[in-house]
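Please read the structure below before turning to the comments.
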Amino acid sequence: MPHSYEYPRAALTVDCVVFGFDGASLKLLLIKRGLGPFKAKWALPGGFVRVNETLDDAARRELAEEAGLEKVYLEQLYTFGELKRDPRERVVTVAYFALVRPADHALVATTDADAAEWFPLADLPALAFDHAAIIAVARERLRGKIRYQPIGFELLPPKFTLTQLQTLYEAILGVMLDKRNFRKKLFAIEVVTPLDEIRRDVPGRPAQLYRFDASRYARLLKSGIHFEL
77 MPHSYEYPRA
87 ALTVDCVVFG
97 FDGASLKLLL
107 IKRGLGPFKA
117 KWALPGGFVR
127 VNETLDDAAR
137 RELAEEAGLE
147 KVYLEQLYTF
157 GELKRDPRER
167 VVTVAYFALV
177 RPADHALVAT
187 TDADAAEWFP
197 LADLPALAFD
207 HAAIIAVARE
217 RLRGKIRYQP
227 IGFELLPPKF
237 TLTQLQTLYE
247 AILGVMLDKR
257 NFRKKLFAIE
267 VVTPLDEIRR
277 DVPGRPAQLY
287 RFDASRYARL
297 LKSGIHFEL
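Counting from 77, one number per residue, gives the positions in the sequence shown under our numbering.
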């Protein structure tokens, strides 16, 4: 028998902060809303959670429906529940952040999204709801985690140069890093492996290519050694 509740319940949504890296700057995926409220405004991909799905499933479904993104690194971020964050009704949202390589995904906006585009994180348009606040929390989480977990490699191609890796860290942290110290710390933890390949499509001398050694990282964790860069 269905239950009846004495008290009204809040609606539940998910919102996804999707970061991308184009080799020079950090990007953010936004969708243009096709429905009200905030019709035609830019917003984070997201929507209401269905009664027959988990939060993770809802986040992945919304990314696929509103932007065509599938099989991406996704992590739960924070729960936002300010009383008037949604003009329709009392809505609590569980935010996620995702890391993708933009070149690997063709954006396709469907369902209630009129468009999906990448924007420079440093130059975002006005956003719907409280999405600017959600993005700020996600950026701080990314800045913290990239120093002690190798999640940054999710934003790089499988084969990358050390310059690409340092540029990524500088874009996320918002500071310039000393090249010598950065590489010294990187080689000390031994999680990148040099390849017998070089990248020639860069100015100056051809650059050595590397890859992230996931198995080596797993062994380090088991031995109690943690990633720190």
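Yeah, the Cβ is synthetic: ideal placement off N, Cα and C, and Gly gets one too.
In the three-state reduction of the DSSP assignment, proline 270 falls in the strand class. Close CB contacts of proline 270 within its chain, under the 8 angstroms cut and outside five residues either way in sequence, are with Gln284, Leu285 and Tyr286 (chain order).
With fewer than 16 other beta carbons inside 10 angstroms of its own, glutamine 152 counts as exposed.
Between the beta-carbon of alanine 119 and that of arginine 109 there is about 5 angstroms, and that keeps the pair under the 8 angstroms contact cut. At the C-beta level, threonine 89 and glycine 112 stay beyond 8 angstroms of one another. The bridge partners DSSP lists for valine 93 are Phe173. Ranked by Cα distance from alanine 87, the options Val268, Glu165, Ile222 and Pro226 are led by Glu165. Our two residues, aspartate 272 and arginine 259, have alpha carbons roughly 19 angstroms apart in a direct line. Here arginine 217 is not near leucine 249, since their CB atoms are 8 angstroms or more apart. Of the residues Gly96, Asp289 and Leu297, the one whose Cα lies closest to the Cα of alanine 182 is Gly96.
Within 10 angstroms of the beta-carbon of tyrosine 83 lie fewer than 16 other beta-carbons, which makes it exposed. Under the DSSP assignment, aspartate 190 falls outside any alpha helix (DSSP H), being part of the beta strand (DSSP E) whose first and last residues are 189 to 196. Excluding its 5 nearest sequence neighbours in each direction, aspartate 188 has C-beta neighbours in its own chain below 8 angstroms: Arg109, Gly110, Leu111, Gly123 and Glu142, listed in chain order. As a beta-bridge residue in DSSP terms, valine 167 pairs with Ala87.
Contact annotation, isoleucine 227 with tyrosine 149: C-beta distance approximately 7 angstroms; criterion of less than 8 angstroms satisfied. Between phenylalanine 156 and alanine 171, the gap from beta carbon to beta carbon is short of 8 angstroms.
Within a 10 Å sphere around the beta-carbon of histidine 302 sit fewer than 16 other beta-carbons, which makes this residue exposed.
If one requires a minimum length of 3 residues, no beta strand (DSSP E) run lies completely within the stretch 207 to 247.
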